[in-house]
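Participant: For reference, the structure I am asking about is given below.
Protein chains: 2
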Amino acid sequence: MNETEISTLGEFGLIKELTKNFSLKHKSSVMGVGDDCAILDYSGEDTETLVTTDLLLEGIHFDLTYVPLRHLGYKACVVNFSDVYAMNGVPKQITVSVGISKRFTIEHIAELYDGIRIACEEYGVDLVGGDTSASVTGLIISITCVGEGVKGKTVKRSGARDTDLICVSGNLGAAYMGLQLLEREREAGQGVEDFQPDFAGKEYIIERQLKPEARRDVIAQIAELDIHPTSMMDVSDGLSSELLHICQSSGVGCRVYEDRIPIDYQTAIMAEELNMNLVTAAMNGGEDYELLFTVPLTEHDKIEQLKDVKLIGRITKPELGAYMVTRDDSELEIRAQGWNAFTE
Amino acid sequence: MNETEISTLGEFGLIKELTKNFSLKHKSSVMGVGDDCAILDYSGEDTETLVTTDLLLEGIHFDLTYVPLRHLGYKACVVNFSDVYAMNGVPKQITVSVGISKRFTIEHIAELYDGIRIACEEYGVDLVGGDTSASVTGLIISITCVGEGVKGKTVKRSGARDTDLICVSGNLGAAYMGLQLLEREREAGQGVEDFQPDFAGKEYIIERQLKPEARRDVIAQIAELDIHPTSMMDVSDGLSSELLHICQSSGVGCRVYEDRIPIDYQTAIMAEELNMNLVTAAMNGGEDYELLFTVPLTEHDKIEQLKDVKLIGRITKPELGAYMVTRDDSELEIRAQGWNAFTE
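Going line by line, the protein sequences match chains A and B. So the first sequence is numbered by this note's numbering: it starts at 26 and just counts up by one. So the second sequence is numbered by this note's numbering: it starts at 26 and just counts up by one.
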């Protein structure tokens with residue numbers, strides 16, 4: 026890889042270089058990069074605008090010793106898209122701000138933007154603005170995503186009602202176990218020349234950590250089957266934490282069943298290898314970017330038709346609290362042990 | 026001031042604490058903080074949506090040894106509002122993301138949000154979302170602002186035409202000179218016990234640096250007088266840099282007149298004291314957040330009626346280049362020496 030100092034381009038040259046391969050696809054993207062603001066058109070009568078933002082910091086959210094910059098760019102986008110899908114919306118535009126310390130070259134940042142571009146193409150999203158700056162230490166990525174919702178169809182966290190069914194897509198804990206594996210191999214490789222990390226048979230959990238996807242396929246199925254989720258969010262901090270968010274926002278309780286929590290076999294094998302509790306990892310691991318949602322009991326037959334979605338429990342009256350029913354039929358109170366940047 | 030570690034609250038507790046004094050004012054703010062996305066309504070037939078974002082980093086954009094956190098919060102908002110006004114729009118919503126290192130307490134961050142709240146109240150803007158995270162070093166602030174424009178009235182950088190008049194609001198170079206003064210006093214105070222910085226007679230330039238305002242009053246006057254700017258932007262990197270942006274985007278040249286560049290007397294005195302070239306400071310200082318705009322020659326009489334706006338030059342054919350006409354009638358090519366985070 027060539028190494029070109031960023032100062033050779035300057036801020037405006039850098040923006041031009043980084044955004045040259047991006048083109049605008051949406052009618053709602055009236056004007057993109059290059060003015061004081063981007064101009065968007067969300068004037069459709071039935072339309073509402075969704076806005077979400079995420080801050081990703083080196084040393085807190087990612088470790089560049091094992092995260093390739095291209096994957097990082099991709100993931101930084103996907104975590105935002107996931108938030109828009111979690112409202113039953115469609116992501117349309119992003120702004121990307123990056124803070125870059127001296128150890129990064131133009132080629133490095135171009136790699137990052139390559140990942141951003143691929144994610145934008147994959148999910149049909151336009152890059153419309155941003156900001157670039159030097160940083161004192163490390164890499165900083167701040168992405169804001171604007172999406173389109175249909176009035177009356179946007180799904181909040183607050184609409185779950187007693188007797189609703191609780192569903193989750195995909196499987197849980199894989200990204201977390203992927204992270205454990207990456208960290209184990211990083212430690213094993215320290216000081217070892219030509220160290221080759223051993224990921225054989227664990228490719229899936231590595232991919233779940235490094236290159237997560239947002240579940241727009243589930244959103245598409247929900248629309249096709251005319252399902253009406255009463256509440257929805259994406260699983261970023263762990264299922265326990267998100268269940269409690271829905272219960273709190275909706276003023277309800279819940280029961281989820283341990284034997285229904287979807288877990289991939291690679292996740293299970295990794296937990297076994299590391300002597301970790303598998304259900305704890307699945308409930309609290311985080312970064313799954315699966316969709317957690319509730320539907321009225323009357324839609325039971327419809328959700329049976331959803332591909333890659335599992336019914337894991339039901340919503341209860343608030344006074345019944347939030348519990349997991351274990352395999353031996355005892356009840357375990359759900360507590361948020363989700364990822365918290367301030368306590369680790 | 027009490028000192029409470031942020032980890033005592035956790036991420037969600039912190040967000041709740043920081044946003045408790047914010048309320049939603051706009052009809053377009055359908056739902057704010059507390060879900061995967063904010064929901065906005067920009068479905069007005071004549072409406073378009075404006076989006077801008079700014080990344081502010083400790084050690085690059087601000088120095089907390091002389092910038093109070095409340096002022097910083099205020100300024101972080103205002104620089105975004107200024108970008109929306111510079112499109113002839115009205116700022117309506119912001120998302121605020123902060124990265125916080127261990128040396129900051131809850132009380133510190135509450136100060137920052139106090140400044141953000143005051144700016145939001147002053148400018149009639151709703152806080153609708155954001156993200157908080159620990160950071161490895163220093164304070165990181167990323168704000169995205171959403172604003173409303175009227176279709177056909179939004180002003181880009183690209184519409185300036187030959188013979189248009191060039192106008193600028195307020196005066197230039199004051200914020201830059203304020204920064205020089207703050208840095209001088211910081212250096213003078215190093216290692217001196219009970220040092221009192223001497224700002225007497227320089228309060229205006231200090232305020233321009235620490236607590237800048239966005240020129241919505243100018244936008245209001247432009248509407249009242251039915252003026253039609255052909256191009257507009259805010260002066261954040263210095264007049265020279267912004268003039269070149271307009272010339273490049275519009276495919277035109279320009280002539281501005283040295284003796285028409287508006288400069289406050291405190292700016293002049295400070296430049297004298299520091300033995301700096303006054304016009305260079307005014308042309309390249311940056312952080313003025315004044316509005317630079319062009320209007321058709323036919324609106325000459327109208328712009329005479331604008332308060333606190335000065336006619337500083339005219340747009341020319343592109344082949345005539347971009348020059349400043351000095352007091353002795355020679356022509357000086359305009360070069361962007363504006364602030365650049367990557368070369369300082």
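Heads up, the beta-carbon is just placed ideally off N, CA and C, and yes, glycines get one too.
Within the 8 Å Cβ cut-off, does Ala-63 of chain A reach chain B?
Facilitator: Taking Cβ atoms only, chain B reaches closer than 8 Å to Ala-63 of chain A, which makes this a yes.
Participant: Quick one: grab the DSSP three-state call for Gln-118 of chain B.
Facilitator: strand
Participant: Our contact map puts Gly-98 of chain A next to Ala-144 of chain A with C-beta atoms below 8 Å; I'd like the distance itself, whole angstroms only.
Facilitator: 7 Å
Participant: Quick test of your reading: Ile-134 of chain B and Leu-235 of chain B, contact by CB under 8 Å. State the CB separation rounded to the nearest angstrom.
Facilitator: Between Leu-235 of chain B and Ile-134 of chain B the Cβ distance is about 19 Å, and since that is not below 8 Å, they are no contact.
Participant: Which of the three DSSP states is assigned to Ser-167 of chain A in this structure?
Facilitator: strand
Participant: Sort A:Glu-283, A:Glu-218, A:Val-103 and A:Val-123 by Cα distance to Glu-36 of chain A and report the nearest one.
Facilitator: A:Val-123
Participant: Considering only residues of the same chain and omitting the five flanking positions on each side of Ala-101 of chain A, which have a CB-CB separation below 6 Å?
Facilitator: Cβ neighbours of Ala-101 of chain A beyond the five flanking positions: Leu-81, Ile-166 and Ile-168.
Participant: When the Cα atoms are used, what is the spatial distance from Arg-241 of chain B to Val-304 of chain B?
Facilitator: 26 Å
Participant: Hey, how far is the Cα of Thr-33 of chain B from the Cα of Ala-293 of chain A?
Facilitator: 33 Å
Participant: With a threshold of 8 Å between beta-carbons, can Arg-240 of chain A be considered close to chain B, or not?
Facilitator: Not closer than 8 Å to any Cβ of chain B, the Cβ of Arg-240 of chain A fails to qualify, so no.
Participant: Can you list, in chain order, the residues of its chain with a C-beta nearer than 6 Å to that of Leu-331 of chain A? Leave out the 5 residues immediately preceding and following it.
Facilitator: Gln-246
Participant: Just grab the DSSP bridge partners of Ile-191 of chain A for me.
Facilitator: A:Thr-319 and A:Gly-338
Participant: Do Gly-263 of chain A and Gly-226 of chain A have their CB atoms nearer than 8 Å?
Facilitator: no
Participant: Identify each residue in the segment 298-319 of chain B for which the Cβ-Cβ distance to at least one residue of chain C is less than 7 Å, and report them in chain order.
Facilitator: Going by chain labels, chain C is absent from the structure shown, which instead holds the protein chains A and B.
Participant: Suppose contacts are defined by Cβ-Cβ distances below 8 Å. Is Asp-289 of chain B in contact with Ala-199 of chain B by that definition?
Facilitator: yes
Participant: So Ile-350 of chain B and Cys-192 of chain B are supposed to be a Cβ contact under 8 Å. How far apart are they, rounded?
Facilitator: Per the sequence shown, the amino acid found at residue 350 of chain B is Val instead of Ile. That belief does not hold up - the Cβ atoms of Val-350 of chain B and Cys-192 of chain B are roughly 16 Å apart, past 8 Å.
Participant: Under the rule that 16 or more other beta-carbon atoms within 10 Å means buried, what is Asn-113 of chain A, buried or exposed?
Facilitator: buried
Participant: Quick check for students: name the residue ranges of the alpha helix (DSSP H) that lie wholly in the segment 238-316 of chain B, counting only runs of 4 or more.
Facilitator: 241-249, 264-275, 290-298 and 303-309
Participant: Quick check: what's the CA-CA separation for Phe-224 of chain B versus Arg-182 of chain A?
Facilitator: 52 Å
Participant: Do you know offhand how far Val-103 of chain B's Cα is from His-96 of chain B's?
Facilitator: 10 Å
Participant: What residues match up with Asp-88 of chain B in a beta bridge as DSSP calls it?
Facilitator: None; Asp-88 of chain B has no bridge partner.
Participant: Going by DSSP in three states, Gly-216 of chain B sits in which element: helix, strand or coil?
Facilitator: Coil, per DSSP.
Participant: For Glu-173 of chain A, is the classification buried or exposed, using 16 other Cβ atoms within 10 angstroms of its Cβ as the cut-off for buried?
Facilitator: buried
Participant: To the nearest whole angstrom, what separates the beta carbons of Ile-340 of chain A and Asp-189 of chain A, a pair I think is in contact under 8 Å?
Facilitator: 4 Å
Participant: Which whole-angstrom value describes the C-beta separation of Cys-170 of chain A and Phe-106 of chain A, a residue pair presumed to lie in contact below a C-beta threshold of 8 Å?
Facilitator: Correct: roughly 6 Å between the Cβ atoms.
Participant: At least one CB of chain B closer than 8 Å to the CB of Ile-40 of chain A: is that the case?
Facilitator: Chain B contact via Cβ: absent.
Participant: Could you have a look at Leu-14 of chain A and say whether DSSP puts it in helix, strand or coil?
Facilitator: Since the displayed chain A opens at 26 and closes at 369, residue 14 of chain A lies outside it and no answer follows.
Participant: Using Cβ-Cβ distances below 9 Å, what residues of the segment 78-99 of chain A are close to chain B?
Facilitator: Thr-78, Asp-79, Leu-80, Leu-81, Leu-82, Glu-83, Gly-84, Ile-85 and His-86
Participant: Answer yes or no: does any C-beta atom of chain A fall closer than 8 Å to that of Thr-130 of chain B?
Facilitator: no
Participant: Taking Glu-136 of chain B as the query, report the chain A residues whose CB atoms sit under 9 Å from its CB, ordered along the chain.
Facilitator: Residues of chain A whose Cβ lies closer than 9 Å to the Cβ of Glu-136 of chain B do not exist, since the nearest Cβ in that chain is about 18 Å away.
Participant: Which two residues bound the contiguous alpha helix (DSSP H) that contains Ala-144 of chain B?
Facilitator: From DSSP, the alpha helix (DSSP H) with Ala-144 of chain B extends over 131-148.
Participant: Going by alpha carbons, who is nearest to Glu-232 of chain B out of B:Leu-345, B:Leu-204, B:Ala-248 and B:Val-243?
Facilitator: B:Leu-204
Participant: Check the Cβ of Met-56 of chain B against every Cβ in chain A and list those closer than 8 Å, keeping chain order.
Facilitator: What Met-56 of chain B touches in chain A: Lys-181.
Participant: So which residues of chain A does Gly-114 of chain B contact, with C-beta pairs closer than 8 Å?
Facilitator: Cys-62
Participant: Taking the alpha helix (DSSP H) that Val-103 of chain B belongs to, which residues open and close that run?
Facilitator: Element bounds for Val-103 of chain B: 94-110.
Participant: Using the rule of at least 16 other Cβ atoms within 10 Å of the residue's Cβ for burial, across every protein chain shown, is Asp-156 of chain A buried or exposed?
Facilitator: buried
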